[in-house]
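Just so you know, the sequences run in chain order A and B. Per numbering that gives the first Met the number 0: the first sequence = residues 0 to 364. Per numbering that gives the first Met the number 0: the second sequence = residues 0 to 263. All C-beta atoms in this analysis are idealised placements derived from N, C-alpha and C, irrespective of residue type, glycine included. Only one structure is covered here, and it is reproduced in the block below.
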Amino acid sequence: MSFKHPYNLLNPKSFWENSVSNTPWENIFNGEIGSFPITPADIICSAGSCFASRISFFLKEKKFNFTNFEPAHWIVDEQISNELGYNQFSARYGNIYTPSQLRQLIEESLGIRPIIYKIEKKENGFFKDLLRPKIHGDGFTALEEAMADRVYHLTCVSEMLKTQDVFIFTLGLTEAWKDLEENVIYGIHPEISLRRNYNRVITPVNFDYVECYNDLLVSLSLIRQLNPKVKFILTVSPVALVATHQSKHALLATYYSKSVLRAVAGKIAEIVKNTDYFPSYEIFNAAQSFGQYLSHDLRDINQRGISVAMNLFENMYLKQSVEYDLAIAHQKLEKEHPLHNRENKKTLADVECDEILNSLFLPKK
Amino acid sequence: MQQDFRYPLIIGDSHAFFLTKSLGEINKGWIDEIDKPLEIIKDNNSVVGEYFMLNGKSDIFQKKYIGDKLQIEVTQLAIEYLLKNHSKYSSIIINLDGNKHNAEFMIEANKLFDFWDEKIPFLIPDRQIVPRNSVLQYFRQITQITQIKASILGKMFSNFKIYYILPPPPISSQEHILKFPEIFNFKERKIQPPEFRIKIYSAYCEIQKEISKNLNATILNPTDRNTDSKGFLKEEYWEGCTHANVDYWKNIILSEKHEFQTSI
């Protein structure tokens, strides 16, 4: 005699055997649909770790309205503008690894906290913005120049927060560095950015679930207060740590980090309206994938995996919209009748994490 | 007219026009068309120089397309005249595209920017900051043809002492500029702030100096007499909104220990 129980009511995909056991990995999330469609007209912005910039490339390729609120000035040559850190994300903030850094940036740009000028002179005479260590090549030629650029940048970020329709944030790390006295978070240790000693006390921090959860919740709340229509997509970067600042095995530190971030992203997606979790982390890192989408160093991800993830993104969010077919038609037309032939020198493969700087200090075996 | 001494040949745009007037009188205005150099006449009716005006209507260069490649060359008329009259000249004074920086950046256009110049350490608030090198690179890009022209002139006059005149410094007064707008339309767009204009001028002078290297020329720089403490053109030398008057150029000529005229 059959009886009713809660599992009777569930979708077949809720059962492992249906959705995982006999499914080719590249099809693992077939049929998944995002909570909301993204239309070609939606202003899409992204921030986060290096994985976020891969999403931005993809969206640009698909001719969706990935919007850059801080493009290089037309007077700056395109090649130079890429070298100066433009065109990677929706503003020139560089990599943002932790929810805490995101919150710091949002609070600065909205005037909730004063502008943080952490600009130091390198030994070569150029000035580095330590909160954006990889922008502007060798650095700014003067302190005043760096400060003015930061002000302009934050104005652009503020405009971005007010205007965007969809914000994609990739959570990368829980580890960071903190100036406890001044309450400033760094993604990269200042001494690595400066290649010299730094005269302030900088403490390694490893944010826990509560801290990450609070910082992300506050960040999204601040954006929503300013811009009630905005939708959020959260992802966890599948790329492992280059190095941990703790005396721990790198693999353990990585899994702690990613587990915390995955839990935070999942919970926030559950409780914050119009917020989705996109499963890039699972695609690359679930054991069932047999690591087929990891690169040779087992830390980074490969192009094949990126294609699978981006296809899923397209299926989940882009194909839902009625305007999708129009966008594809437009894309076809442009391929057949290109408006310009100027090659965008920046490719997916060129995107580099600031975090890779840590590997310069890898002890030789 | 009998020529007792060799005199300079001046080739150039509107700045060269005022320099010419500092030497003597010519019988054409800036907007006239000419097909040969104008004689510069001094009070005693002697010819003290010649001026080939590059005002858009008259030119010694022409563009020619060979397939899809653009070639710049000197006009046949100019070649014939100059070859025939080479022996008249003691030196050549040249100015090419001396107002390009004003044409590009006198007026505030969309997407304002600023850049750091350590000699003029001031940044206008709320503007996007670009590297100074990008400004220099942009000027190099838009003066590519000017560089070619300079090379051509350098080869044509390789046996002569060549002087290259830099554009005069900018006029600081926005009020004066509005009163004497020349070709600019300030009704619809604002004038760039003077701090920006002087940085643009400084950057453009660097590129003008690069152009002069193609000529192997001696630069005729503005002097301290001509500029105020911030490097702007002194008020007594203002002419229109982008030019310096005849007195300015007299100072330039007098300040250099050179010989524009030589005995035959």
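N-terminal and C-terminal residue of the alpha helix (DSSP H) that residue i is part of
i	result
P189 (chain A)	189-193
N301 (chain A)	Where N301 (chain A) is concerned, there is no enclosing alpha helix (DSSP H), given that its DSSP letter is neither H nor E.
R223 (chain A)	208-225
T253 (chain A)	249-270
L253 (chain B)	245-254
T145 (chain B)	143-155
K178 (chain B)	173-178
A102 (chain B)	99-104
L195 (chain B)	According to the sequence provided, residue 195 (chain B) is Phe. The question's Leu does not apply to it. Looking at the DSSP string, the run of the alpha helix (DSSP H) that includes F195 (chain B) is 193-212.
Residue i - DSSP class collapsed to helix/strand/coil
i	result
N84 (chain B)	helix
A71 (chain A)	coil
W15 (chain A)	helix
V165 (chain A)	strand
P203 (chain A)	strand
Y96 (chain A)	coil
Y163 (chain B)	strand
Y185 (chain A)	strand
T234 (chain A)	strand
H4 (chain A)	coil
L160 (chain A)	helix
D275 (chain A)	strand
K127 (chain A)	strand
V47 (chain B)	strand
Selection from the options that minimises the alpha carbon distance to residue i
i	options	result
S52 (chain A)	A:F166, A:L129, A:S192	A:F166
G30 (chain A)	A:D128, A:D41, A:S18	A:S18
W24 (chain A)	A:H152, A:A308, A:F88, A:P189	A:A308
S21 (chain B)	B:E32, B:I39, B:I10, B:D31	B:I39
P167 (chain B)	B:P221, B:F121, B:E174	B:P221
P70 (chain A)	A:S55, A:E60, A:F88, A:F56	A:F88
A202 (chain B)	B:E32, B:N132, B:D12	B:N132
K229 (chain B)	B:C240, B:F114, B:I119	B:I119
V204 (chain A)	A:S13, A:L170, A:I134, A:T97	A:T97
K126 (chain B)	A:H248, A:L225, A:A147, A:I95	Checking the sequence, you will find Arg at residue 126 (chain B) rather than Lys. Of A:H248, A:L225, A:A147, A:I95, the residue nearest in Cα terms is A:A147.
C211 (chain A)	A:S99, A:I270, A:W176	A:S99
R365 (chain A)	A:P36, A:L9, A:K121, A:Q287	Residue 365 (chain A) lies beyond the residue range present for chain A, which begins at 0 and ends at 364; the question has no answer from this structure.
K161 (chain A)	A:G138, A:R298, A:N226	A:N226
V156 (chain A)	A:I37, A:A239, A:C44, A:V259	A:C44
F35 (chain A)	A:I222, A:F277, A:L293	A:F277
F206 (chain A)	A:S256, A:R149, A:V271	A:S256
I128 (chain B)	A:Q245, A:N7, A:P11, A:Y151	A:Y151
L215 (chain A)	A:P237, A:V263, A:Y254, A:L240	A:V263
Chain-ordered chain A contacts of residue i [CB-CB under 9 Å]
i	result
I199 (chain B)	Those do not exist, as I199 (chain B) stays about 11 Å from chain A at its closest Cβ, beyond 9 Å.
P120 (chain B)	A141, E143
Partners in chain B for residue i, counting only beta-carbon separations shorter than 8 Å
i	result
V75 (chain A)	V129, P130, S133
Y151 (chain A)	D125, R126, Q127, I128
Chain B contact residues for residue i, given Cβ-Cβ distances below 7 Å
i	result
I79 (chain A)	S133
A147 (chain A)	L122, I128
Residue i - containing beta strand (DSSP E), residue span
i	result
W24 (chain A)	Segment: none, W24 (chain A) is in no beta strand (DSSP E) and carries neither H nor E.
G11 (chain B)	4-11
E72 (chain B)	68-73
L219 (chain B)	217-219
I43 (chain A)	43-47
Q291 (chain A)	No beta strand (DSSP E) holds Q291 (chain A); DSSP gives it neither H nor E.
Residue-level contact to chain A via CB, residue i, 8 Å cutoff
i	result
K160 (chain B)	no
K110 (chain B)	yes
Q136 (chain B)	yes
W115 (chain B)	yes
L253 (chain B)	no
Below-8 Å beta-carbon distance, residue i vs any chain B residue
i	result
A90 (chain A)	no
H339 (chain A)	Low local confidence applies: a pLDDT of 37 at H339 (chain A) is under 50, so the model's placement there is unreliable, and no value is given.
H72 (chain A)	yes
N343 (chain A)	Legend: pLDDT at N343 (chain A) = 39, less than 50; position of this residue unreliable, value from coordinates given subsequently. No, because no Cβ of chain B sits closer than 8 Å to the Cβ of N343 (chain A).
T140 (chain A)	yes
V271 (chain A)	no
Distance cut-off 7 Å: residue i Cβ against heavy atoms of the ligand ADP
i	result
Q75 (chain B)	You won't find the ligand ADP in this model; it holds no ligand whatsoever.
is_contact[residue i, chain E] using C-beta, thresh 8 Å
i	result
E181 (chain B)	Looking for chain E here will not work: the only protein chains present are A and B.
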